[in-house]
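Just so you know, the sequences run in chain order A and B.
Plus 3 on top of the position in the first sequence (first one is 1) and you've got the numbering used here.
Plus 7 on top of the position in the second sequence (first one is 1) and you've got the numbering used here.
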Amino acid sequence: MTASTDFYNAEFARLKAILPGSHLPWLQRRRESALASFAASGFPTQRQEDWKYTGVTAIEKSRFELAMPISNGVSAKQIAAWSLPDTHRLVFLNGRYQPRWSSVGALPGGVILSSLIEMLERDPEQLDSRLGESEIAYPSGFAALNMAFMSDGAYLHLADGVAVDKPIHLLFIASEANLATHSRNLLSAGAGSRASIVEQHVAVGEGAYLTNGITDIVVGRDAEIVHHKLQQESHQAFHIAAVNADLGQKSRFTSRSFGLGGALARVDIRVGLNAERAECILDGLYMTDGRQHCDHHTRIDHAEPYGTSREFYKGVLAGASRAVFNGKVIVHADAQHSDADQSNRNLLLSDNAEVDTKPQLEIYADDVKCSHGATVGQLDPEQIFYLRSRGVDDESARALLTFAFAEEVVDRVDIPPLRAGLEKLLLGRLPERVKELL
Amino acid sequence: MLEISNLHVSIDDKPILRGLDLTVRAGEVHAIMGPNGSGKSTLAHVLAGRENYQVTAGEVFFAGRNLLELSPEERAREGIFLAFQYPVEIPGVANIYLLKAAVNALRKHRGEAELDAVDFLALVKDKLQLLGMEQSLLYRAVNQGFSGGEKKRNEILQMAVLEPKLAILDETDSGLDIDALKVVATGVNSMRSGERAIILVTHYQRLLDYIVPDYVHVLANGRIARSGGPALAMELETRGYGWIEEAASQEEARRLAGGGR
């Protein structure tokens, strides 16, 4: 047992009576078993293949305390700046739901949208099967910690055939340094239902803190879920997140992950095409600068026949930043006629930036179509010369090409105000001169 | 307008242009012809300011300014336009963005107000029509997925919108079928004016049936081996380039034997 597991054991002993759902014996058992799992595994180390390029000793040493509920620390003006028009908005401050800042609005019949804490009070049985078994094998110490200290998150259930037209905006705001939040979002879509979700992580101030979140998504038969994840944490923050999606027959799932902030970010996206003819799209964009580190690990399991997966990740790295992309695609023996394509393209804007990209295809079926490609490069001198020959100065040409490179991912976002907001973020990184030209 | 004297250019230390002289005045159309590898495209790119081309000797003056001291963007702003033989695809940059950025960079340089969206679109629409291009092309990424003909037309569209003082067309006819060639030629001819000079770099005489030049020059061994009127192009069409290359080689041999003037 290490000093860090001592710390978390002590934290748990201190807090277990006041953790959400402490009145539920089954939940308490799962928390304790998760804590035991963490005590056994500890934090991941770089000796583990999956964590080879991402060291988390800084998190281990930081001893972040669990965030307690507060209701101030953010202003109406800040909330307004992060808001998107025409959404169902749930706001979480340091991991806890804030009815005061939320604006859920009128939902179609058959939709349950609430906080996890509220569900634990009102209808905990709904959560029983969604929160795993006691003896679950956690993919990492972070997942185990999340279960042990799980505080709050969003709960969404769509009844069969329900369509939610407005996006559901889950806004997570960190307002205090030195705290940890372990949020859990549970989203499920009944047969033929559809919804689009925006999970956004932002910060007030520049402190160091830990976000350790998990979003579990079940996409029923013929259902369609789009999940956007915007990571805009403070520049000193640690962001560890997992998105797990379980896809039903002929369902469609789209994940768009934007890694823009944080000192260190690690995002695991795992998609199971667990019934015939399921389709998934995984898009991603990471933009790092300074000494930022951003790691995306994706895993797509083609478990059943006729599944389709499309993966499109791009990275723009400046300064002495570092990024990791690991894209695992497993086509299981039963998954005949699977069709998988993966692409990861990286733009290095500085000699000191570094990216490790690794496609990992494991194919156990014989009648499949799988392709992948990864590139790491600089801006194309031919493109720069072309723009300069049209009167655009060198710096602007480079900025414009960088913008265009990133824009290709942003352009695929189909919520117009969100797309515009992301474009504004990209433009915010351009020199003023370039903005004038556009 | 353009005064090139004794221009020597190397690429990767290999001499390509070896003492080229050329004078182009406003209002003139010059055709630069020559076999592959004679340095035609090198000349076009050196005028546009491509880096990694080493100018080892000679001078180029454009409208009284030493062109070789200017960056590619400064040359563009001074009124030089190169229509590329192989226009670059730029995914993610809409054609209209590039046009607008280019127009406004030039206007700003000239101290003019930037065009607003309405005036800009009106300007571009006119030129689109002239070149028989769909408006939807404006919103596609620059040259991405364009056919060979569309790419060339797009170059001429940019030229028409930017209204350069000196337009250099690098093998604009290559890869065009006869209909596309006519459209491109119409676009270029509409640009002919007393204030503008045009240099057509081409391998074939065909283009010159549609854009009739005032002067034809033949490049061989990195120099202008022969100059004349449109009739010279016709002669090349029937006799090929061999006789000029041969004459140029003999000329060079004579020069070397004479200790090189």
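By construction, the Cβ of each residue, glycine as well, lies at the ideal position given by its N, Cα and C atoms.
Close to Val-62 of chain B, with beta-carbon spacing below 8 Å, lies no residue of chain A; the smallest spacing is near 16 Å.
Ranked by how close their Cα comes to the Cα of Pro-22 of chain B, the residues B:Gly-229, B:Arg-262, B:Glu-253, B:Ile-251 have B:Gly-229 in first place. If you draw a straight line from the Cα of Glu-136 of chain A to the Cα of Leu-350 of chain A, it is about 42 Å long. Look at Asp-131 of chain A: its C-beta is not under 8 Å from any C-beta on chain B.
Residue contact with chain A for Gln-151 of chain B: absent (no Cβ-Cβ distance below 8 Å to any residue of chain A). A direct Cα-Cα distance of roughly 19 Å separates His-375 of chain A from Tyr-289 of chain A. Burial check for Ile-176 of chain A: the Cβ neighbour count within 10 Å reaches 16 or more, so the residue is buried. Per DSSP, reduced to three states, the secondary structure at Val-62 of chain B is strand.
Rounded to the nearest whole angstrom, the CA to CA distance from Ile-18 of chain B to Gln-252 of chain A is 60 Å.
Taking 7 Å as the cut-off between beta carbons, none of the residues of the stretch 270-301 of chain A comes near chain B. With the criterion set as a beta carbon lying under 9 Å from some beta carbon of chain A, the members of the stretch 75-100 of chain B are Ser-78, Pro-79, Glu-80, Glu-81, Arg-82, Ala-83, Arg-84, Ile-87, Phe-88, Leu-89, Phe-91, Tyr-93, Pro-94, Val-95, Glu-96, Ile-97, Pro-98, Gly-99, Val-100, in sequence order. Rounded to whole angstroms, the separation of the alpha carbons of Gln-142 of chain B and Lys-132 of chain B is 7 Å. Residue contact with chain A for Leu-135 of chain B: absent (no Cβ-Cβ distance below 8 Å to any residue of chain A).
Rounded to whole angstroms, the gap between the alpha carbons of Asn-196 of chain B and Ala-402 of chain A is 35 Å. Under a criterion of Cβ atoms nearer than 9 Å, the residues of chain A adjacent to Arg-57 of chain B are, in order, Phe-388, Ser-392. The beta carbon of Ala-187 of chain B is closer than 6 Å to those of Gly-156 in its chain, skipping five residues each way along the sequence.
Legend: CB atoms of the stretch 326-344 of chain A lying less than 9 Å from CB atoms of chain B are not found in any residue. Secondary structure of Glu-179 of chain A (DSSP, three-state): coil. Following the DSSP letters along the chain, one finds Ala-206 of chain A inside the beta strand (DSSP E) bounded by residues 197-206.
Setting aside the 5 residues that flank it on each side, Cys-297 of chain A is surrounded in the same chain by Gly-262, Ala-268, Tyr-289, Thr-291, Ala-326, each with a C-beta closer than 6 Å to its C-beta; the list follows chain order. Within the same chain, no Cβ atom closer than 6 Å to the Cβ of Glu-411 of chain A is found once the five residues on either side in sequence are excluded. In the DSSP assignment, no residue is bridged to Leu-113 of chain B.
With 16 or more other Cβ atoms inside 10 Å of its own Cβ, Arg-348 of chain A counts as buried. Scanning the stretch 57-101 of chain B for uninterrupted alpha helix (DSSP H) segments of 4 residues or longer gives 79-85, listed from N- to C-terminal end.
By DSSP's assignment, Tyr-100 of chain A forms a beta bridge with A:Phe-95. Judged by DSSP secondary structure, Asn-349 of chain A falls within the beta strand (DSSP E) whose first and last residues are 342-351. Within chain B, the residues whose beta carbon sits less than 9 Å from that of Val-395 of chain A are Glu-80, Ala-83, Leu-105, Ala-108, Ala-109, Ala-112, listed in sequence order. Between the C-alpha atoms of Leu-173 of chain A and Gly-330 of chain A there is a straight-line separation of about 26 Å.
In this structure His-204 of chain A is in contact with Gln-234 of chain A, their Cβ atoms being roughly 5 Å apart against a cut-off of 8 Å.
Taking 8 Å as the threshold, the shortest C-beta distance from Gln-257 of chain B to chain A does not fall below it. DSSP places His-52 of chain B in the helix class (H, G or I) of the three-state scheme. Under the three-pair Cβ rule at 8 Å, the stretch 197-213 of chain A does not count as touching the stretch 126-136 of chain A.
Assigned with DSSP and collapsed to three states, Thr-30 of chain B falls in strand. Among the residues facing chain B, Leu-403 of chain A is included, as its CB has a counterpart in that chain under 8 Å away. For Asn-277 of chain A, the closest alpha carbon among the candidates A:Val-270, A:Ile-303, A:Thr-405, A:Asp-286 is that of A:Ile-303. Per DSSP, Val-36 of chain B is one residue of the beta strand (DSSP E) stretching across 36-40.
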